[in-house]
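Take a look at the structure below.
Residue numbers (this note's numbering): 3 to 463.
Shown next as structure tokens:
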């Protein structure tokens, strides 16, 4: 694909930019590798193409490039909302092209500048969070300086949105398939609550399971014999954490709540067990990357998914999830799969999720247990396909950069060191000077060289 954007003069001059900038046409994303997987060498790899805007050769002083992350969050308050924007510079190279030594600028017909920008390990995933009016986008900025001298020197900036998706929270990863177990004793030392999550990462339509067991404390010799369990409540909350002054440190939004009554059932050392099940919501069925009718899944799951009508409303005690809802306007640079909530760690804000188990007792202190879990943008079905692609990307990186270099990059946490290690793999710019030979290389008619009657585009073969 070819990406375009409007060139903007830095000094607010009305002088039109003599250069048209674009990224080289490609059928794949400019982001190569798998962000979140260091051994795949996640990177931005493309070619910046500069062409004359009006068909006349231009004088180029220098070309620079930047990668920026822009985070926005709007936190509601009693008197309105706090809209906060922050830009973070991830990478900068002010001279990806400079004229030969001794020359102030160079007259060019065109120039192709390959760029290779490694992505840091703490890069933030692109995404949009409608409830908090928050978003994270990335932009590639190209700064072009033109002119024959310091007097008429002008600089222009063009920006390209960059979609960055992380693959470090796939539900199929081993660390997310090991159970999380929490055992908590009530403040009066009468009751023990055992809570466990067999799977700690869920995606859209994945099932979240919480095992609970409430029992008396066998180590306490002064147990109240009238201990009874009244009810268990499970809640799922989305948590916004802000990391800068002027914003609230923590905001919560309840996504789901379900209460199970036990009608004052008597507690003993054997305990009372109960399982909570929740099919995690999906904003829109069209966000499913792969069909659920997969041979790896049971026929009962398949028939259940077929029975779900398109306009079905999934309701719970205190929360409603609507399928196929209309989306708000999506920010440029946000993928359609990242417009519903997911776990993300950022510099301005972070989004986290936790499940809360509330235990209501008779003749004992009530309890409340919080267990954090991860929400992925991909479900278990799509993760199976993505894992194969990730392994392939790791093999491609190994063949291109070598095993030793990959080991160095995987072990380092110094971003500048990563940039220096990959610098030698970036190709030099291809310059098309105002000569007959380069004129022909660009596809122009040789007979039209030096003819000012028509613009260059009229002579393209």
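Every residue gets a Cβ at the ideal spot worked out from N, C-alpha and C, and that includes glycine. The structure displayed is predicted, hence computed values, not measured ones.
TODO: Counting only runs of 3+ residues fully inside the stretch 210-286, write out the beta strand (DSSP E) ranges in chain order.
DONE: 230-244, 252-268 and 274-281
TODO: Determine contact between the stretch 52-72 and the stretch 404-417, defined as no fewer than three beta-carbon pairs at a distance below 8 Å.
DONE: no
- [ ] Compute the Euclidean distance between the alpha carbons of residue 140 and residue 444, then round it to the nearest angstrom.
- [x] Across the structure, residue 140 and residue 444 are spaced so that their CA atoms are roughly 32 Å apart.
- [ ] Kindly indicate which residue of 249, 243, 253 and 232 has the alpha-carbon position closest to the one of residue 267.
- [x] 232
Task: Three-state secondary structure assigned by DSSP to residue 300 - done: With a pLDDT of 42 at residue 300, under the threshold of 50, the modelled position of this residue cannot be trusted, and the question is left open.
Task: Unbroken alpha helix (DSSP H) run spanning residue 417, endpoints - done: 417-424
Open item on the list: Could you check whether the Cβ of residue 350 sits closer than 7 Å to any heavy atom belonging to the ligand ADP?
Closed with: As presented, the structure is devoid of all ligands, the ligand ADP included, so that no description of it is given.
Task: Nearest-angstrom beta carbon gap, residue 380 and residue 205 [assumed within contact, 8 Å] - done: Contact between residue 205 and residue 380 holds, with the beta-carbon distance rounding to 5 Å and staying under 8 Å.
Open item on the list: Measuring alpha carbon to alpha carbon, tell me which residue in 99, 173 and 191 is nearest residue 202.
Closed with: 173
TODO: Could you round the C-beta distance between residue 190 and residue 367 to whole angstroms and report it? I think they count as a contact, below 8 Å.
DONE: 5 Å
Open item on the list: Can you check which of these residues, 44, 76 and 43, is closest to residue 249 by C-alpha distance?
Closed with: Per the C-alpha coordinates, the member of 44, 76 and 43 positioned closest to residue 249 is 76.
Open item on the list: Measuring only the C-alpha atoms, how far is residue 310 from residue 207?
Closed with: Note on residue 310: pLDDT 42, under 50, position unreliable in the model; no value is reported.
- [ ] Buried or exposed for residue 78, please, with buried defined as at least 16 other CB atoms from any protein chain shown within 10 angstroms of its CB.
- [x] exposed
Task: Length at least 3, wholly inside the stretch 364-410: the beta strand (DSSP E) runs in chain order - done: 369-377
Task: Element boundaries [beta strand (DSSP E), containing residue 108] - done: 108-120
Task: Opposing strand residues paired with residue 129 [DSSP bridges] - done: 138
Task: Pairwise C-alpha distance: residue 216 and residue 187 - done: 10 Å
Task: Burial state of residue 442 (16 or more Cβ within 10 Å) - done: exposed
- [ ] Spatial neighbours of residue 319 within its chain, please: CB distance less than 7 Å, with the 5 preceding and 5 following residues excluded, ordered by chain position.
- [x] In this prediction, residue 319 has a pLDDT of 41, which is less than 50 and means its spatial position is unreliable; what the coordinates show is noted afterwards. For residue 319, where only same-chain residues beyond five positions count, the Cβ hits under 7 Å are 259, 260 and 261.
Task: Span of the beta strand (DSSP E), counted from its first residue to its last, around residue 45 - done: 45-54
Task: Which of helix, strand or coil DSSP assigns to residue 40 - done: In this structure, residue 40 counts as helix in the three-state DSSP scheme.
Open item on the list: Per DSSP, what are the beta-bridge partners of residue 35 in this structure?
Closed with: Answer is none; residue 35 lacks a bridge partner.
Open item on the list: Measuring only the C-alpha atoms, how far is residue 114 from residue 409?
Closed with: 31 Å
Task: residue 361 (DSSP reduced to helix, strand or coil) - done: strand
TODO: Round the Cβ separation of residue 118 and residue 92 to the nearest angstrom and send it over; I've been treating them as touching at under 8 Å.
DONE: At roughly 14 Å, the Cβ-Cβ gap does not stay under 8 Å, so residue 118 and residue 92 are not in contact.
Task: CB contact flag (residue 109, residue 61, <8 Å) - done: Contact flag set, yes.
Open item on the list: Just to confirm, is the Cβ distance from residue 412 to residue 41 under 8 Å?
Closed with: yes
TODO: With a 10 Å radius around its C-beta and 16 neighbouring C-beta atoms as the bar for buried, classify residue 210 as buried or exposed.
DONE: buried
- [ ] Note down the Cα distance separating residue 17 from residue 34, rounded to an integer number of angstroms.
- [x] 36 Å
Task: Three CB pairs or more closer than 8 Å across the stretch 334-347 and the stretch 161-171 - done: yes
Task: Same chain, Cβ closer than 8 Å to residue 351, five either side skipped, listed in chain order - done: 73, 75, 134, 136, 242, 243, 244, 245 and 249
TODO: Would you kindly report the start and end of the unbroken alpha helix (DSSP H) that includes residue 440?
DONE: 438-443
- [ ] Would you mind stating whether residue 434 and residue 112 have Cβ atoms separated by less than 8 Å?
- [x] Their beta carbons are under 8 Å apart, which means residue 434 touches residue 112 by this criterion.
Task: Cross-strand partners of residue 66 (DSSP beta bridge) - done: 145
Open item on the list: To the nearest angstrom, how far is the alpha carbon of residue 175 from that of residue 394?
Closed with: 16 Å
TODO: Report yes if the CB atom of residue 64 is closer than 8 Å to the CB atom of residue 100, and no otherwise.
DONE: yes
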